[in-house]
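Asks: Would you mind keeping the following structure in view while I ask a few things?
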Amino acid sequence: MEGVLEEKREKMEECRQIREFELERMRLANITDRASVSSEDLAGQGVNRRVNLKDLVPKFDPKNADINLFFEIFERQAKKEKVAEER
81 MEGVLEEKRE
91 KMEECRQIRE
101 FELERMRLAN
111 ITDRASVSSE
121 DLAGQGVNRR
131 VNLKDLVPKF
141 DPKNADINLF
151 FEIFERQAKK
161 EKVAEER
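Residues 81 to 167 in the numbering used here are what the sequence shown spells out, letter by letter.
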């Protein structure tokens, strides 16, 4: 009798472990799916989002700043933010 009970407990434990494994696999798949959807959403926003050009670079001080450096910083920031050249 004890052997049957022990066998049944082992079977139940094995089923529980399989369910836990499957649940964890589903959670990980869900996280991966959400991450890929989020990155696709971000990629699509690049076309439609607006960038305030004033926020890209610090204010230019004509008395103390180098205009070439200012434009270099501006171009780098614009490229980083993927601002279209025609803007």
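Just so it is clear, CB atoms sit at the ideal spot from N, CA and C, and this is done for glycine as well. No experiment lies behind these values; they were computed from the predicted model shown.
Would you say Phe150 and Leu136 are within 8 Å of each other, going by their C-beta atoms?
Replies: Within the sequence shown, numbered from 1, the residue matching residue 150 stands at position 70. Within the sequence shown, numbered from 1, the residue matching residue 136 stands at position 56. No, the Cβ-Cβ distance between Phe150 and Leu136 is not below 8 Å.
Asks: Please work out which residues of its chain come closer than 7 Å, Cβ to Cβ, to Ala56, disregarding the five sequence neighbours upstream and downstream, and give them in chain order.
Replies: Nothing in the structure corresponds to residue 56, since the chain is present only between 81 and 167.
Asks: What number of angstroms, rounded off, separates the C-alpha of Asp49 from the C-alpha of Asn132?
Replies: The shown model of the chain, from 81 to 167, leaves out residue 49, and the question about it has no answer.
Asks: May I have the straight-line CA-CA distance separating Lys143 from Arg130, to the nearest angstrom?
Replies: For the purposes of this step, residue 143 is taken as residue 63 along the sequence shown, with counting starting at 1. For the purposes of this step, residue 130 is taken as residue 50 along the sequence shown, with counting starting at 1. Whole-angstrom Cα-Cα distance: 31 Å.
Asks: Which of the three DSSP states, helix, strand or coil, is assigned to Phe101?
Replies: Within the sequence shown, the letter at position 21 stands for residue 101. In this structure, Phe101 counts as helix in the three-state DSSP scheme.
Asks: Out of curiosity, what's the CA-to-CA distance linking Leu108 and Glu90?
Replies: Position 28 of the sequence shown, counted from the start, is the residue given in the question as residue 108. Position 10 of the sequence shown, counted from the start, is the residue given in the question as residue 90. Cα to Cα, Leu108 sits roughly 27 Å from Glu90.
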